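I have placed the structure first, in the form of structure tokens, so that the comments after it can refer back to it.
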Amino acid sequence: MIEQVWRKSGAWPEFIEVMRLALRSKSEGGRDPSLWASLPGMCCQAAGGEAQWADPVAAAWLLFFAAAHLMDSVEDQDEPDPWWAAQGPGLALNAATGLYFSACLALQELNNLPIPYEAQRAAAVQVLQPFLLMSSGQYVDFNTPKPTLDEYWRIAGAKSGAFFSLACQAGARLATDQPQALQGFQQFGLNIGLLVQILDDLADYRALTEQKGAVDARGLLRSLPAAYLREVCTNEAIERFHGLVWKASENPGALGEIIQIIEQNGGALYLLAELDKRRSLALAGLKRAARSSPARDALVALLDKLQAPST
Numbered sequence: 016m017i018e019q020v021w022r023k024s025g026a027w028p029e030f031i032e033v034m035r036l037a038l039r040s041k042s043e044g045g046r047d048p049s050l051w052a053s054l055p056g057m058c059c060q061a062a063g064g065e066a067q068w069a070d071p072v073a074a075a076w077l078l079f080f081a082a083a084h085l086m087d088s089v090e091d092q093d094e095p096d097p098w099w100a101a102q103g104p105g106l107a108l109n110a111a112t113g114l115y116f117s118a119c120l121a122l123q124e125l126n127n128l129p130i131p132y133e134a135q136r137a138a139a140v141q142v143l144q145p146f147l148l149m150s151s152g153q154y155v156d157f158n159t160p161k162p163t164l165d166e167y168w169r170i171a172g173a174k175s176g177a178f179f180s181l182a183c184q185a186g187a188r189l190a191t192d193q194p195q196a197l198q199g200f201q202q203f204g205l206n207i208g209l210l211v212q213i214l215d216d217l218a219d220y221r222a223l224t225e226q227k228g229a230v231d232a233r234g235l236l237r238s239l240p241a242a243y244l245r246e247v248c249t250n251e252a253i254e255r256f257h258g259l260v261w262k263a264s265e266n267p268g269a270l271g272e273i274i275q276i277i278e279q280n281g282g283a284l285y286l287l288a289e290l291d292k293r294r295s296l297a298l299a300g301l302k303r304a305a306r307s308s309p310a311r312d313a314l315v316a317l318l319d320k321l322q323a324p325s326t
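This note's numbering applies: residue 16 is where the sequence shown begins, and numbers increase by one.
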């Protein structure tokens with residue numbers, strides 16, 4: 016469907032190839048977004064529809080995912096992907112622009128579905144509307160270098176949580192307009208997004224403890240363990256932690272003390288507890304949304320793939 020959208024658009028072949036490269040890139044941490052592209056179809060099927068009805072939503076979601084990943088990489092000044100490293104962020108932003116417009120065109124394929132127009136329109140709005148919320152989350156993230164715990168969850172919910180919830184809710188909306196079901200799918204997707212965020216932070220923390228690569232001070236200060244410390248530690252301990260973070264890249268002793276502060280104050284245990292909590296909330300939302308069925312069982316199996324990395 017994505018290739019068809021590109022062929023119809025009249026975009027030049029060399030630009031289409033750049034968008035293909037962007038679409039094939041893994042997200043941060045090597046997580047493959049195609050694993051989650053089945054969410055709209057599975058939620059549509061669990062809500063009583065046909066999985067293929069949600070293909071336009073899934074295509075748009077993948078395109079938006081790739082575009083957002085590119086934008087985040089440029090805005091956060093991350094290590095570039097090989098295909099745009101030589102030409103710089105301008106090429107990445109150009110590809111992201113193309114992916115955004117491609118996603119909007121993919122949503123037009125909803126018009127060809129054998130379902131009421133109102134369901135088509137509602138699903139399209141459900142995909143597009145949350146992007147202002149997600150952009151707001153990114154804005155707040157930029158301007159909050161040391162988030163409190165409440166700020167962390169607000170930002171994570173507006174970014175990762177909203178992105179996954181729209182995939183589930185939009186897919187389900189193609190098959191049902193029942194508020195309780197849609198709210199349940201929204202809760203399921205939101206908590207999947209938060210689980211993904213927690214797992215990314217947990218993987219970063221485990222890499223820190225294993226001393227793999229340079230310490231990203233800005234990323235560490237924005238992470239869930241750091242936000243948790245600001246909630247539970249004294250001002251003196253927090254200031255000590257902040258000072259050590261900027262020394263960790265060149266001082267193994269500072270890195271060891273950072274890990275000790277996080278461990279002694281329960282930071283790592285808090286991440287694991289939140290994983291259990293968010294999984295339970297996701298399951299509760301799914302139970303509220305749909306009756307037992309093979310499609311619902313498949314969604315549970317997809318949720319089970321979100322496991323903490325082995326120690």
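Even for Gly, the Cβ is constructed at its ideal location relative to N, Cα and C.
Bear in mind the structure is a predicted one, so any value in this text is a computation, not a measurement.
Between the alpha carbons of residue i and residue j, how many angstroms are there, rounded?
i       : j       : result
Gly-176 : Gly-204 : 7 Å
Asp-215 : Ala-111 : 23 Å
Met-16  : Thr-224 : 43 Å
Val-315 : Ala-263 : 40 Å
Ala-252 : Glu-289 : 23 Å
Gly-63  : Leu-217 : 36 Å
Tyr-154 : Gln-19  : 34 Å
Val-211 : Gln-322 : 10 Å
Ile-273 : Gln-102 : 37 Å
Glu-43  : Tyr-115 : With a pLDDT of 44 at Glu-43, under the threshold of 50, the modelled position of that residue is not reliable, and the figure given next carries that caveat. Spanning the two alpha carbons is a distance of roughly 19 Å.
Gln-226 : Asp-219 : 10 Å
Glu-32  : Gln-195 : 42 Å
Leu-125 : Trp-21  : 16 Å
Gly-228 : Leu-147 : 34 Å
Pro-97  : Phe-79  : 20 Å
Take residue i and list the residues in its own chain whose beta-carbon comes closer than 8 Å to its own, dropping the five residues that flank it on each side.
i       : result
Lys-23  : Leu-120
Glu-246 : Thr-163, Leu-164
Met-149 : Ala-83, Ala-173, Lys-174, Ala-177, Phe-178
Val-230 : Leu-223, Val-260, Ala-263, Ser-264, Leu-270
Ala-73  : Ala-52, Ser-53, Leu-54, Pro-55, Gly-56, Ala-182, Gly-186
Ser-151 : Ala-173
Count the other CB atoms within 10 Å of the CB of residue i; is the residue buried (16 or more) or exposed (fewer)?
i       : result
Arg-311 : buried
Ala-69  : buried
Pro-145 : buried
Ser-117 : buried
Leu-77  : buried
Gln-279 : exposed
Ser-295 : exposed
Ser-49  : exposed
So, for residue i: in the same chain, excluding its five sequence neighbours on each side, which residues have a beta-carbon less than 6 Å away from its beta-carbon?
i       : result
Gln-60  : Ala-66, Ala-310
Leu-54  : Ala-182, Cys-183
Gly-199 : Gly-300, Arg-303, Ala-304
Cys-58  : Cys-183, Gly-186, Ala-187, Phe-200
Which residues in the same chain have their Cβ closer than 7 Å to the Cβ of residue i, if we skip the five residues on either side of it in sequence?
i       : result
Asp-243 : Looking at the sequence itself, residue 243 is Tyr, so the reference to Asp does not match. So the list reads Leu-164, Gly-282, Tyr-285, once near-sequence residues are dropped.
Ile-213 : Leu-239, Leu-286, Glu-289, Leu-290, Arg-293
Arg-188 : Ala-134, Ala-137, Ala-138, Gln-141, Leu-197
Ser-308 : Ala-61
Gly-45  : Legend: pLDDT at Gly-45 = 43, less than 50; position of this residue unreliable, no value from coordinates given.
Lys-122 : According to the sequence displayed, residue 122 carries Leu and not Lys. Contacts found: Pro-71, Ala-75, Ala-139, Val-142.
Could you spell out where the alpha helix (DSSP H) holding residue i opens and where it closes?
i       : result
Ile-31  : 28–39
Met-86  : 70–90
Gly-21  : The question names Gly, but residue 21 in the sequence shown is Trp. Run containing Trp-21: 17–24, per the alpha helix (DSSP H) assignment.
Ser-150 : 145–157
Pro-55  : 54–61
Gln-201 : 194–224
Gln-319 : It is worth fixing the name first, because residue 319 is Asp in this sequence and not Gln. First-last of the alpha helix (DSSP H) with Asp-319: 309–319.
Ile-130 : Segment: none, Ile-130 is in no alpha helix (DSSP H) and carries neither H nor E.
Val-247 : 239–247
Legend entry - Length at least 3, wholly inside the segment 90–117: the beta strand (DSSP E) runs in chain order: For the segment 90–117, not a single whole beta strand (DSSP E) run of length 3 or above is found.
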